[in-house]
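Residue numbers (our numbering), protein chains in the order written: chain A, 14 to 279; chain B, 2 to 248.
Set out below in structure tokens:
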């Protein structure tokens with residue numbers, strides 16, 4: 014049974030990746046659709062993100078008494094990445110629910126709907142990331158070669174986000190209360206993870222709980238640290254890798270087992 | 002070569018937001034719809050299709066008759082592999098085209114041209130295939146310069162003409178329909194009719210759900226009569242329509 018369900022899941026995912034052209038087109042379409050008839054289009058996202066980073070930067074920079082040259086780039090990239098991560102997880106919950114119309118009419122591999130959602134959010138991330146070099150320029154902090162490490166870091170984070178979205182997509186199609194729970198949890202994780210506050214502000218003991226035991230922190234770090242001139246720690250890498258491995262194993266089993274039920278649940 | 006082989010296929014829908022007992026009592030008397038029951042965990046289950054066994058081969062033009070809720074749409078969804086049977090086996094060989102909702106995937110804010118690519122993509126065509134047929138589609142839909150305007154500026158007739166022109170460009174081996182497609186004004190209707198007949202002629206197997214006696218008599222060579230999710234009658238159109246509609 015176990016092998017059978019993993020087989021079903023893997024073949025669906027492979028079939029979905031073959032439809033990458035369709036996924037790409039639908040993802041673009043989603044972004045375009047949201048901002049049609051507005052002059053700035055998706056750059057409205059960039060602007061609102063920029064305004065938020067600026068405001069939080071000024072207020073919390075003052076409260077924490079952090080040097081702007083350190084705090085502002087840290088905050089900017091943290092907020093941009095968090096908005097990507099939390100949207101992927103949040104929309105993962107409705108990944109299948111939102112695609113009900115298509116799922117009930119056409120036998121497109123179901124994983125394609127998750128890919129579409131992730132692709133759409135990568136495109137939005139692409140718009141938001143523009144803020145980061147501007148912030149670096151504003152505070153006069155250089156980008157080092159270390160930044161290149163964030164590319165494998167991002168891929169690893171993406172790998173993790175994908176299984177989370179897939180798993181939540183299946184569970185939320187069945188249990189409709191779950192999206193609400195996930196939304197509140199994401200809110201909590203946002204405050205628990207060093208995004209608005211820098212880890213260096215934490216007292217030693219609290220650091221153990223808030224950082225080491227927080228998976229979001231590790232995933233965030235493998236992407237963020239290289240961009241602000243630090244190397245992710247070995248723990249960051251191992252936790253992220255471990256989560257990806259275990260997470261995918263669980264997601265594949267669950268997805269393979271319940272894939273055929275998803276159309277019935279919608 | 003296409004083949005559809007159903008063996009003892011059942012479809013059960015679990016209804017999670019219904020309170021088992023009270024709802025069951027109330028709904029059990031309803032004449033239409035599938036049969037309500039409950040599974041071992043006490044959840045309400047709608048049995049939409051029960052114990053379907055049939056084989057469709059090349060050349061079969063099958064009409065599905067039955068009252069609302071008899072299971073026609075569910076059967077069409079099974080045939081398009083959207084649903085997998087809860088029990089039994091459904092073997093489907095051949096690529097499937099569905100003309101059930103021809104507007105699916107159309108974005109009203111996008112232009113006609115963009116929508117041709119969207120709709121075509123959802124139907125499984127590649128970009129180059131669509132580009133190749135683009136002129137043909139635009140010409141058939143008679144939209145002229147409107148093809149570069151957002152769909153929301155279209156009249157509903159124009160909208161349907163575009164959806165029809167794209168959706169009928171595919172040539173599937175198995176074609177599924179819910180009632181005959183008929184769109185547009187008199188002139189267009191005639192053209193659409195010809196296109197539909199060609200499409201039907203070129204498919205190996207046609208399955209069409211309908212409430213129209215003429216349509217079934219005219220298009221089909223076999224009729225399945227569904228009632229409460231079961232096959233009540235399976236035979237040639239003359240016999241089954243006579244029994245269903247009354248002679």
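Just so it is clear, CB atoms sit at the ideal spot from N, CA and C, and this is done for glycine as well.
These numbers come from a predicted model, not from an experiment.
Any beta carbon of chain A sitting closer than 8 Å to that of residue i?
i                      : result
residue 201 of chain B : no
residue 1 of chain B   : Outside the displayed span of chain B (2 to 248) sits residue 1 of chain B, for which this structure offers no information.
residue 147 of chain B : no
residue 90 of chain B  : no
residue 208 of chain B : no
residue 84 of chain B  : yes
residue 230 of chain B : no
residue 102 of chain B : yes
residue 119 of chain B : yes
residue 112 of chain B : no
residue 108 of chain B : yes
residue 105 of chain B : yes
residue 15 of chain B  : yes
residue 22 of chain B  : In this predicted model, residue 22 of chain B has a pLDDT of only 45, less than 50, meaning its place in the structure is not dependable; the value taken from the coordinates is given anyway. No, its Cβ sits nowhere closer than 8 Å to a Cβ of chain A.
residue 122 of chain B : yes
residue 128 of chain B : yes
residue 183 of chain B : no
residue 3 of chain B   : no
Check the C-beta distance from residue i over to residue j and give it rounded, since I have them as a contact under 8 Å.
i                      : j                      : result
residue 174 of chain A : residue 102 of chain A : 7 Å
residue 238 of chain B : residue 208 of chain B : Not a contact, Cβ separation roughly 14 Å.
residue 49 of chain B  : residue 14 of chain B  : 6 Å
residue 40 of chain A  : residue 176 of chain A : Rounded, the Cβ-Cβ distance is 19 Å, inconsistent with contact.
residue 147 of chain B : residue 113 of chain B : 6 Å
residue 169 of chain A : residue 257 of chain A : 6 Å
residue 114 of chain A : residue 124 of chain B : Going by Cβ atoms, the distance from residue 114 of chain A to residue 124 of chain B rounds to 14 Å, so no, they are not a contact pair.
residue 244 of chain A : residue 159 of chain A : 7 Å
residue 66 of chain B  : residue 5 of chain B   : About 18 Å; that fails the 8 Å criterion.
residue 224 of chain B : residue 201 of chain B : The Cβ separation is near 16 Å, so there is no contact.
residue 209 of chain A : residue 88 of chain A  : 7 Å
residue 10 of chain B  : residue 53 of chain B  : 4 Å
residue 64 of chain B  : residue 211 of chain B : 6 Å
What does DSSP give as the partner residues of residue i in its beta bridges?
i                      : result
residue 185 of chain A : In the DSSP output, where bridge partners are listed per residue, residue 185 of chain A has none listed.
residue 226 of chain B : B/66 and B/234
residue 88 of chain B  : B/11
residue 3 of chain B   : BP columns for residue 3 of chain B are empty, so no partner.
residue 55 of chain B  : B/7
residue 99 of chain B  : B/177
residue 208 of chain B : B/63 and B/177
residue 151 of chain B : B/112
In chain order, what residues of the same chain have a beta carbon less than 7 Å from the beta carbon of residue i, not counting five sequence neighbours either side?
i                      : result
residue 272 of chain A : 21, 22, 25 and 123
residue 236 of chain A : 94, 163, 166, 167 and 170
residue 204 of chain B : 173, 174, 175 and 176
residue 152 of chain A : 81, 82, 85 and 86
residue 118 of chain A : none
residue 22 of chain B  : Model confidence at residue 22 of chain B stands at a pLDDT of 45, short of 50, so the residue's coordinates are unreliable; what they give is reported in the following sentence. Taken in chain order, the list of residues that qualify is empty.
Kindly indicate if chain B contains any beta-carbon less than 8 Å away from that of residue i.
i                      : result
residue 271 of chain A : no
residue 193 of chain A : no
residue 200 of chain A : no
residue 49 of chain A  : yes
residue 42 of chain A  : yes
residue 35 of chain A  : yes
residue 116 of chain A : yes
residue 82 of chain A  : no
residue 53 of chain A  : no
residue 277 of chain A : yes
residue 38 of chain A  : yes
residue 123 of chain A : no
Excluding five sequence neighbours on each side, which residues of the same chain lie with their C-beta closer than 8 Å to the C-beta of residue i?
i                      : result
residue 134 of chain A : 97, 100, 101 and 104
residue 109 of chain B : 151, 152 and 153
residue 36 of chain A  : 29, 125, 128, 129 and 132
residue 161 of chain A : 239
residue 116 of chain A : 109, 123, 126, 275, 276 and 279
residue 160 of chain B : 104, 107 and 152
For residue i, which residues of its own chain have a beta-carbon under 6 Å away from its beta-carbon, when the five flanking residues on both sides are left out?
i                      : result
residue 121 of chain B : 131 and 167
residue 207 of chain A : none
residue 185 of chain A : 106, 191 and 192
residue 55 of chain A  : 44, 48 and 140
residue 234 of chain A : 245 and 249
residue 178 of chain B : 100 and 209
residue 171 of chain B : 98 and 124
residue 85 of chain B  : none
Report yes if the C-beta of residue i is less than 7 Å from at least one heavy atom of the ligand MN; otherwise report no.
i                      : result
residue 129 of chain B : The model on display carries no ligand, and the ligand MN is accordingly not part of it.
**Asked** Are the region 183-199 of chain A and the region 210-222 of chain A in contact at 8 Å, needing three or more beta carbon pairs?
**Response** no
**the region 74-81 of chain B / the region 93-108 of chain B touching (three or more Cβ pairs under 8 Å)** = yes
**Asked** Do the region 82-99 of chain B and the region 186-199 of chain B meet, that is, are 3 or more Cβ pairs less than 8 Å apart?
**Response** no
**Prompt:** Between the region 156-165 of chain B and the region 178-191 of chain B, do three or more beta carbon pairs fall short of 8 Å?
**Reply:** yes
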